[in-house]
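Peer 1: Input: one structure, supplied below.
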Amino acid sequence: MAKWSMVIDLDKCVACQGCSIACRFENNTPVVSPEEAALGRSILWNEVFPLRSEGEAAIASAQAKFLTRPCMHCEDPPCIKVCPVGATYKDDEGIVRQNYARCIGCRFCTVACPYGVRYFNWYEPSWEEGMDTHLNPDRVAGRGDLEGPAIRPKGVVEKCTFCIHRHHKAIARAEAEGREFRNSDYTPACVQTCTAKARFFGDFDDPNSTVSRLSQSRRAFRLLDEAGTSPKVIYLHEG
Amino acid sequence: MLKADQKDKDKLIKPLFETGRTYWVTIAILLAIIGWALYMYYRQLTLGMKVTGMQRPVYWGVYMVNFIFFIGISHAGTLISAILRVTGAEWRRPITRVAEAITAFALIVGSLQIIIDMGRPDRLLSVILNGRLQSPILWDVLSVTAYFLGSITYLYLPVIPDAALLRDNLPPYSPAWRKRLYSIMALGWRGNRTQWIRLEKAIAVMAVLIIPIAVSVHTIISWILATTVQPGWHSTIFGPYFVVGAIFSGIGALFIAMTIVRWKLKLEEYITEKQYNNLGLIFITMSAVWMYFTYAEHMIITAGQEVYEFPVLTSKLWGDYAVSFWVMVALMVVSFWIMVIPRLISKTAKRFLVFQPRFTTGAVLLAVVTGYYLVTDSTIPGLSGINPETLFFLVRGSLLVELLFVGLGVAKWFKTRLVAATTVAGVMVVIGMWLERWNIIIPTMTHPYLVSWAEYHPTITEVALTAGSVALFIFMFLVFFKLFPIISIWEVAEGRVIDAERAKVTIPMPEASGIKERLRGKGIRKARG
């Protein structure tokens, strides 16, 4: 059983937001009008934003440090603890998933998450004409729940799933080809698309995987480690 | 046949069958507001939660504030009827029914806020079908449900003898359905000894049971916030802090209800100054404890210098939420002042200049002028030579002294007007406690860890649903008290019997000096026997 983990090298990241866009198309996150986006209702499972501590001056002078932030897939996730109906849960491989069919929209998980990785559908998702016919048809295999890239109804919470449907697809392909599933078969869209090759993905339990070796780096740190959530996304400091 | 006292008949039973125009006008206005809120809620259902002012990161807004506020108000009933019944406080008798009704209706309105706040209210049953007991929301569902069932029972039990009384004392012109209603509600009550013993036992058991449930309700509501790691919420003090605040705002709401009822139905003989005075003393205690908790809560954040918590605090002290924070503090301080200071100054205080109206008027004028200079930041003629730093303290210091004198004058005025003072304090505290919930939820929501800081402005939908909730609360109150007497007739009658028995007790009066004064302090005026 793999323990999926991601390493993001901030030294390499150029904050191009390619990961955000790839995620958007992969996971069918709805497009939001500029007015709603200004209100803070845009949905970006992988958000790229300047760190607040840098201040306005740093941002103006292009000196700010940017952070790209997928779901941390915490080992000890605060969101799962507070969900009243079990709509969000951690699967066998440590991925924190969200079941749109069960979510009651109480938004307790969005409040509990210190990273702000959870998004609420404030209204029925919509796409511009042309885009709506080119949505990702992939679906999460298994219990038939509404998960991953499935179109969300309004009033539910959604979040990054490490492209869980890609995992299921990779297993199915390996099976069809009559071979063992290899960890390298499965890559989330943000990792695949990363311009600077700043993202690494793999099995944390495998001591020889890239992520395990990089997590031993002296530059390695976890976001808001003091919140006690034990994130499985590990960052590498700049410089 | 149970017989009602003639006075009770005129004052308490008659108004149930005679409805004035004001009543119907009020009902119509309330229904209009509720209708507006229903329409706005329908819009929210069809268009989604985007019609609210909520967004990321402010995932909880006014609905959550209302939820905590209304559940807080609901603590009025438990405190008054349960705690006072258990401790045998006789003066509770005329106000128990009002207090218990506030509890039941505030709980209904409060729970409704959660459904309004849900993105998928159609999946409400999922909370029971797929409920996870580890989630604080489930704790809440359990404790609020227990509290609701308990308080409905607790409201109904003392209604039984009154319903029987009504059944037997209906005016001839009353409609037939009311006779049927009271017959059913009375459960065949005849007022015999066995029935009384059973009723008293049931009420006594409920009174004891409901106290821990009530404490659990607001503790758990605070835990919804405190079990998260959000800046400013992760605090052990939240449980008791919320319970104290709940009882505090509950008494405030009770004061308002008591005064309106007393004034509209002319119940001065039933709800006397004694109720206001004794309940006022509990109110003062709660006020002091609330201030202590508020101070402790903010003090520790100040000293902690946590990088994420500190901005939440500063936004309250001088940032975006300074107005709501300081208005809350001012309301609480002023309500404490007008409850406490009039009790401290003597009746002959008007001999002193500071208590005389002309002095107070002068202080008000001076305070207005000083406040004007402070707000507009204009230069004060004749004081331009003074060091600006000295002037800074001089202006603020003199404003404080002037306000102090205004306060003393006002306290003198309130000295002889206990009901007015108490009601004004009640209104202030109810508003102040709503603001307190706002000040706890919104500044933390707008100042999260990683997401950029945000602003929150409630929309017309949220305003409409808040107004509708308040209207629904008053509506239920009015309808209920059109059907059932506002004062528990049998409890008051029982109180009269007990009073009459006690009046027969003779107290020997020793000659020793000082005893007379001490007894007078306890309200015993004349030596008997």
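Protein sequence lines correspond, in order, to chains A and B. If you use my numbering, the first sequence corresponds to residues 62 to 300, in order. If you use my numbering, the second sequence corresponds to residues 41 to 569, in order. Just so it is clear, CB atoms sit at the ideal spot from N, CA and C, and this is done for glycine as well.
#1: Please return the same chain residues whose Cβ sits closer than 8 Å to the Cβ of Leu275(A), not counting the five positions on each side in sequence.
#2: Please list, in chain order, all residues of the same chain as Ile156(A) whose beta carbon is under 7 Å from its beta carbon, the five residues on each side excluded.
#3: Which same chain residues, not among the five before or five after Asp72(A), have their C-beta less than 6 Å away from its C-beta?
#4: Using 8 Å for Cβ pairs, my map puts Ile192(B) next to Ala144(B). What's the rounded Cβ distance?
#5: Check whether chain A comes within 7 Å of Leu505(B), counting only Cβ atoms and requiring the distance to be less than that.
#6: Under a three-way DSSP split, which group does Asp180(B) fall into?
#7: Any beta-carbon of chain A closer than 7 Å to the one on Met158(B)?
#8: Which residues, in chain order, does the stretch 485-509 of chain B contribute to contact with chain A at a C-beta distance below 7 Å?
#9: Quick one: measure Cβ to Cβ for Cys140(A) and Cys255(A), integer angstroms, because I've assumed they're closer than 8 Å.
#10: For a contact meaning CB atoms closer than 9 Å, what does Pro139(A) contact in chain B?
#11: For my contact list, Val301(B) and Leu294(B) are in at a C-beta cut-off of 8 Å; report their separation, rounded to the angstrom.
#12: Thinking just about the alpha-carbon of each residue, which of Met158(B), Ile250(B), Ile156(B), Pro525(B) is nearest to the one in Gly117(B)?
#13: Going straight from the alpha carbon of Ala233(A) to that of Arg158(A), what length do you get?
#14: Could you tell me how far apart the beta carbons of Tyr180(A) and Ile104(A) are, in whole angstroms, since I believe they sit closer than 8 Å?
#15: What does Arg113(A) touch in chain B if you count any residue whose Cβ is under 7 Å from its own?
#16: Are the C-beta of Ala125(A) and some C-beta of chain B separated by less than 7 Å?
#17: List the residues of chain B that Cys84(A) touches, going by C-beta distances under 7 Å, in chain order.
#18: How is Met192(A) classed by DSSP in three states: helix, strand or coil?
#19: Please determine, among Pro280(B), Val149(B), Ser355(B), the residue with the shortest C-alpha to C-alpha distance to Asn106(B).
#20: Quick one, which residues of the stretch 168-196 of chain A are near chain B if we go by CB-CB under 8 Å, in chain order?
#21: Could you check if Leu147(B) is buried or exposed, using at least 16 other CB atoms within 10 Å of its CB as the buried criterion?
#22: Does the beta-carbon of Gln46(B) have 16 or more other beta-carbons within 10 angstroms, so that it is buried, or is it exposed?
#23: Which whole-angstrom value is the C-beta distance of Tyr184(A) and Gly60(B), which I expect to be below 8 Å?
#24: Please go through the same chain and pick out, in chain order, the residues whose beta-carbon is closer than 7 Å to the beta-carbon of Thr499(B), but skip the five residues on each side of it.
#25: Let me make sure I understand the geometry here. Which of Ser214(B), Ile253(B), Arg207(B) has the alpha-carbon closest to that of Gly231(B)?
#26: Name, please, each residue of chain A whose Cβ falls closer than 7 Å to the Cβ of Gly176(B).
#27: Buried or exposed: which applies to His195(A), given that a residue is buried once 16 or more other Cβ atoms fall within 10 Å of its Cβ?
#28: Among residues of its own chain, excluding the 5 on either side of Gly112(B), which ones have a beta-carbon nearer than 7 Å to its beta-carbon?
#29: For Ala288(A), decide whether its Cβ has a neighbour in chain B, counting only Cβ atoms nearer than 7 Å.
#30: List, in chain order, every chain B residue whose beta-carbon is nearer than 8 Å to that of Arg102(A).
#31: Return the CA-CA distance between Thr135(B) and Tyr196(B), expressed in angstroms with no decimal places.
#32: Name, please, each residue of chain B whose Cβ falls closer than 9 Å to the Cβ of Glu97(A).
#33: Would DSSP call Trp65(A) helix, strand or coil?
#34: Could you name each continuous alpha helix (DSSP H) segment of 4 residues or more that falls completely within the stretch 319-379 of chain B, going from the start of the chain to the end?
#35: Sort out for me which residues DSSP pairs Thr401(B) with in a bridge.
#36: Any beta-carbon of chain B closer than 7 Å to the one on Lys220(A)?
Peer 2: Let me lay it out:
#1: Val68, Asp70, Phe261, Ala281, Ile295, Leu297
#2: Trp65, His134, Thr222, Phe223, Ile225
#3: Glu299
#4: 6 Å
#5: no
#6: helix
#7: yes
#8: Pro488, Tyr489, Leu490, Val491, Ser492, Ala494
#9: With a Cβ gap of about 26 Å, Cys140(A) and Cys255(A) do not count as contacting.
#10: Thr267, Thr268, Val269
#11: About 10 Å separates the two Cβ atoms, so there is no contact after all.
#12: Ile250(B)
#13: 20 Å
#14: 4 Å
#15: Ser492
#16: no
#17: By Cβ distance, chain B contributes nothing, its closest Cβ being about 16 Å from Cys84(A), past 7 Å.
#18: coil
#19: Val149(B)
#20: Arg168, Phe169, Thr171, Val172, Ala173, Pro175, Tyr176, Gly177, Tyr180, Phe181, Asn182, Trp183, Tyr184, Glu185
#21: buried
#22: exposed
#23: So it is not a contact: roughly 46 Å between Cβ atoms.
#24: Val91, Thr92, Gly93
#25: Arg207(B)
#26: The question names Gly, but residue 176(B) is Pro in the sequence shown. Result: Val143.
#27: exposed
#28: His258, Gly285, Ala286, Ser289, Gly290, Met473
#29: yes
#30: Lys90, Gln95, Arg96
#31: The sequence given here has Ile at residue 135(B), not Thr. When rounded, the distance between both Cα atoms is 15 Å.
#32: Lys90, Gln95
#33: strand
#34: 349-357
#35: In DSSP, Thr401(B) forms no bridge with anything.
#36: no
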